[in-house]
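Protein chains in written order, with my numbering: chain B, 40 to 380; chain S, 40 to 380.
There are 2 protein chains.
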Amino acid sequence: MTDEPHKVTSVDVARLAGVSQSAVSRVFTSGASASKKTKDKVLKAATTLGYRPNVLARAMITGRSRIIGLVVAYLENQFYPLALERLSNALQAKGYHILIFTAPNSAEDVEAVIQDLMAYQIDALIAASVSITSELAEQVRKAGIPVVLFNRGQDGVGVSSVTSANLAGGRKVARFLLEGGHERIGHIAGWQGSSTGRDRQSGFLAEMNAAGRTPFSVMDGMYSRDEAMACAEKMLAGPVIPDAIFVGNDHMAFGVMDVVRAHGLVPGHSISVVGYDDVPLAEWGGYHLTTIRQPVNRMVESTVNLMLRMIEDADAMPEHIEVEGPLIVRSSARIPEGWTK
Amino acid sequence: MTDEPHKVTSVDVARLAGVSQSAVSRVFTSGASASKKTKDKVLKAATTLGYRPNVLARAMITGRSRIIGLVVAYLENQFYPLALERLSNALQAKGYHILIFTAPNSAEDVEAVIQDLMAYQIDALIAASVSITSELAEQVRKAGIPVVLFNRGQDGVGVSSVTSANLAGGRKVARFLLEGGHERIGHIAGWQGSSTGRDRQSGFLAEMNAAGRTPFSVMDGMYSRDEAMACAEKMLAGPVIPDAIFVGNDHMAFGVMDVVRAHGLVPGHSISVVGYDDVPLAEWGGYHLTTIRQPVNRMVESTVNLMLRMIEDADAMPEHIEVEGPLIVRSSARIPEGWTK
DNA sequence: CTGAAAGCGCTTACAG
DNA sequence: CTGAAAGCGCTTACAG
Numbered sequence: 040m041t042d043e044p045h046k047v048t049s050v051d052v053a054r055l056a057g058v059s060q061s062a063v064s065r066v067f068t069s070g071a072s073a074s075k076k077t078k079d080k081v082l083k084a085a086t087t088l089g090y091r092p093n094v095l096a097r098a099m100i101t102g103r104s105r106i107i108g109l110v111v112a113y114l115e116n117q118f119y120p121l122a123l124e125r126l127s128n129a130l131q132a133k134g135y136h137i138l139i140f141t142a143p144n145s146a147e148d149v150e151a152v153i154q155d156l157m158a159y160q161i162d163a164l165i166a167a168s169v170s171i172t173s174e175l176a177e178q179v180r181k182a183g184i185p186v187v188l189f190n191r192g193q194d195g196v197g198v199s200s201v202t203s204a205n206l207a208g209g210r211k212v213a214r215f216l217l218e219g220g221h222e223r224i225g226h227i228a229g230w231q232g233s234s235t236g237r238d239r240q241s242g243f244l245a246e247m248n249a250a251g252r253t254p255f256s257v258m259d260g261m262y263s264r265d266e267a268m269a270c271a272e273k274m275l276a277g278p279v280i281p282d283a284i285f286v287g288n289d290h291m292a293f294g295v296m297d298v299v300r301a302h303g304l305v306p307g308h309s310i311s312v313v314g315y316d317d318v319p320l321a322e323w324g325g326y327h328l329t330t331i332r333q334p335v336n337r338m339v340e341s342t343v344n345l346m347l348r349m350i351e352d353a354d355a356m357p358e359h360i361e362v363e364g365p366l367i368v369r370s371s372a373r374i375p376e377g378w379t380k
Numbered sequence: 040m041t042d043e044p045h046k047v048t049s050v051d052v053a054r055l056a057g058v059s060q061s062a063v064s065r066v067f068t069s070g071a072s073a074s075k076k077t078k079d080k081v082l083k084a085a086t087t088l089g090y091r092p093n094v095l096a097r098a099m100i101t102g103r104s105r106i107i108g109l110v111v112a113y114l115e116n117q118f119y120p121l122a123l124e125r126l127s128n129a130l131q132a133k134g135y136h137i138l139i140f141t142a143p144n145s146a147e148d149v150e151a152v153i154q155d156l157m158a159y160q161i162d163a164l165i166a167a168s169v170s171i172t173s174e175l176a177e178q179v180r181k182a183g184i185p186v187v188l189f190n191r192g193q194d195g196v197g198v199s200s201v202t203s204a205n206l207a208g209g210r211k212v213a214r215f216l217l218e219g220g221h222e223r224i225g226h227i228a229g230w231q232g233s234s235t236g237r238d239r240q241s242g243f244l245a246e247m248n249a250a251g252r253t254p255f256s257v258m259d260g261m262y263s264r265d266e267a268m269a270c271a272e273k274m275l276a277g278p279v280i281p282d283a284i285f286v287g288n289d290h291m292a293f294g295v296m297d298v299v300r301a302h303g304l305v306p307g308h309s310i311s312v313v314g315y316d317d318v319p320l321a322e323w324g325g326y327h328l329t330t331i332r333q334p335v336n337r338m339v340e341s342t343v344n345l346m347l348r349m350i351e352d353a354d355a356m357p358e359h360i361e362v363e364g365p366l367i368v369r370s371s372a373r374i375p376e377g378w379t380k
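Rendered as structure tokens:
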């Protein structure tokens, strides 16, 4: 009983339905004309045979693979799996699917990966948490593939990007901490090689500066839990320690809270910790982290719409979309008196 | 300055190199013969033109798309993004890539998704955290596509599976809790519609039974954080409460710990909580959860090897691979005196 | 080793 | 509306 795994093609369906192969194709091509009669015959035959048009063959003709390449570095930070899930769902609803490419954050690796990915004739490229050099972006663009950076911006490069309002976010945190009466505010920043890390830090410093204040200390946490924890250890080592730490993302902030507690300090009382992202874990009892929310849903929505537009219209200009997010007040940081928003 | 996004093909390379199109193809086909001279010419031309063979066109001929379909339900449980990342890396190293399909856990949705996914001519299907009905599995198998269930088993269906030793794991937890002198051991189980949920529970109950003990209470947490928290609330509502709870996975266990703490109890002292998975968060200070480790790396390795074998050999019999994992002792549960392993 | 030719499974002008 | 035919970019027997 060896079922030959014969792939059923449009020719098989045509034969069974008693029509031409072209007719079958038309029935499965939206916008093509076919009489109700043929349509019925074809659909019936297709169902009995279990026929679905071969996406790859179709892609060769139309030049549309309905595959979106997604380059992502680390899935450890809960923000990315979440974004991935939402992106996949939204894209799936539009008839697209995500082909995953994992890339360490070094430029050469990204290069190799992008070469690899272009061979799959993807319709568009989403780069999440990964930076792209100008040459690379140019190369992809030349191949006619739209690029959208997700949660990462880039200057002077002809690619689109969707981010949250990082500068404004950094400012909000500084204001919150300042109004909370903190005297020694430290910052363990997001990776300064990334736009998000730089913008959050700039906003924070700008607001501090406007208030005539200097941060207790500023270090680069590199978006790495271990690195951030090491930074926290350093900040807490001296005779004078900070009474607040703004951490560049939640993922690092959890590590910082662990260090803070290991030092016998209580977040929200003896020291304040504020993060950035509002991943689900931030709300859980183990951390209950005050943080800036990155509105994943709206970021995903913008990304998908933008991408679809760029796929339709090859001449569409790059856009930079920024979505604002609120400060979510929880218990990891002291709340200023009379704080409402 | 409109760069026509012209796709460079093997014909372009052939022209520039002064050889036939077939020659170009051979240079890029491993195992094909080409003289060093042509090879050099072709490679040089390919580099200047930025040529890469079109994977889709190649797939049409060879019948190998080098695309692996991955069906996954929820990425919220940290275990899955982690597995996904590792799978993607391992597969990428072998020249394959993952096409993502997200499916809610209802049977019809999975059906639609699988139809969708077969249209992409995937070389194999990995179903993670998703059950597949026998008919569906049969349908996919008939199309000649190998199926591997990741972290989910299935009886009486001709598909392969890779899981951890869930039965043994459940037993280990029971033994640990018993030896710890706990008197009222509750169980908030993994979804009883899944093999992992059932097996962990069976192992737990078998060992309890062998010791002549009855669990305090057994509820189905459905692998949902909210559901598990509701179960915990119920267990802690009565006048008599458990002194230990075995939770079907870490993701739920974190929620249970939150509830436990909200009741003023201290995990590891007034009550013990044990999970299953050992996701990274289990080690973090906020929870420090005692749990059974699912060896993701080895599970991924097994999955990839098994899949590759099945792609090579269409007649390969389904295999069921089970990887054992150790109990990782942390502070969320009382440690039996003299406990070494 | 190399080139000309067939063919993978489709879509899409082109006639009728 | 419908069918015959060309062609997407490749790989792979087939001759030489």
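Backbone N, C-alpha and C define an ideal beta-carbon position, used for all residues, glycine too.
For the options B:H308, B:P278, B:D317, B:A73, the alpha carbon positioned closest to that of H290 of chain B is the one of B:D317.
Of all alpha-carbon atoms in S:C270, S:R239, S:I310, S:P278, the one lying nearest the alpha-carbon of G294 of chain S is that of S:C270. Chain-ordered, the chain B residues with CB closer than 9 Å to the CB of R91 of chain S read Q154, D155, M157, A158. Nearest to R264 of chain B by alpha-carbon distance, out of B:L156, B:A228, B:P254, B:N248, is B:A228. Using a Cβ distance threshold of 8 Å, F140 of chain S and V110 of chain S count as a contacting pair.
Taking 8 Å as the CB threshold, I165 of chain S stays off the interface with chain B.
Residues of the segment 125-143 of chain B with a C-beta less than 7 Å from any C-beta of chain S: S127, N128, Q131, H136, I137, L138, I139, F140, T141, listed in chain order. Neighbours of W230 of chain B across chain S, judged by C-beta separation under 7 Å, do not exist; the nearest C-beta is about 19 Å away. If you draw a straight line from the Cα of S74 of chain S to the Cα of A158 of chain B, it is about 25 Å long.
Taking a Cβ-Cβ cut-off of 7 Å, S69 of chain S has no neighbours in chain B, whose nearest Cβ is about 15 Å from it. Contacts with chain S (Cβ-Cβ distance below 9 Å) from the segment 305-316 of chain B involve no residue at all. The residue from S:I171, S:S311, S:L217, S:G314 with its alpha-carbon nearest to that of F189 of chain S is S:I171.
Each of S:N288, S:V94, S:D259 was checked against the Cα of L320 of chain S, and the nearest Cα belongs to S:N288. With 16 or more other Cβ atoms from the protein chains shown falling within 10 Å of its own Cβ, P306 of chain B counts as buried.
The beta carbon of V94 of chain B sits closer than 8 Å to some beta carbon of chain S. For E115 of chain B, the residues of chain S that pass the 7 Å Cβ criterion are P319, in the order they occur in the chain. Put simply, the segment 79-89 of chain B does not touch the segment 83-99 of chain S. Fewer than three CB pairs are less than 8 Å apart. In the structure shown, the three-state DSSP call for H226 of chain S is strand.
Within a 10 Å sphere around the beta-carbon of G209 of chain S sit 16 or more other beta-carbons, which makes this residue buried. Contact between the segment 102-117 of chain S and the segment 326-336 of chain S is absent: fewer than 3 CB-CB pairs across the two stretches fall below 8 Å. At least 8 Å separates the beta-carbon of M349 of chain B from that of P92 of chain B. Spatial neighbours of P334 of chain B in its own chain (CB-CB distance under 6 Å, excluding positions within 5 residues in sequence) are listed in chain order as V362, G364. For R210 of chain S, the closest Cβ of chain B is not nearer than 8 Å.
Collapsing the DSSP output to three states places R332 of chain S in a strand.
Taken through DSSP and simplified to helix, strand or coil, S341 of chain B comes out as helix. Going by C-alpha positions, V368 of chain B is about 8 Å away from I374 of chain B.
Taking a beta-carbon distance threshold of 8 Å, D265 of chain S does not count as an interface residue toward chain B. Less than 8 Å divides the Cβ of V313 of chain B from the Cβ of L216 of chain B.
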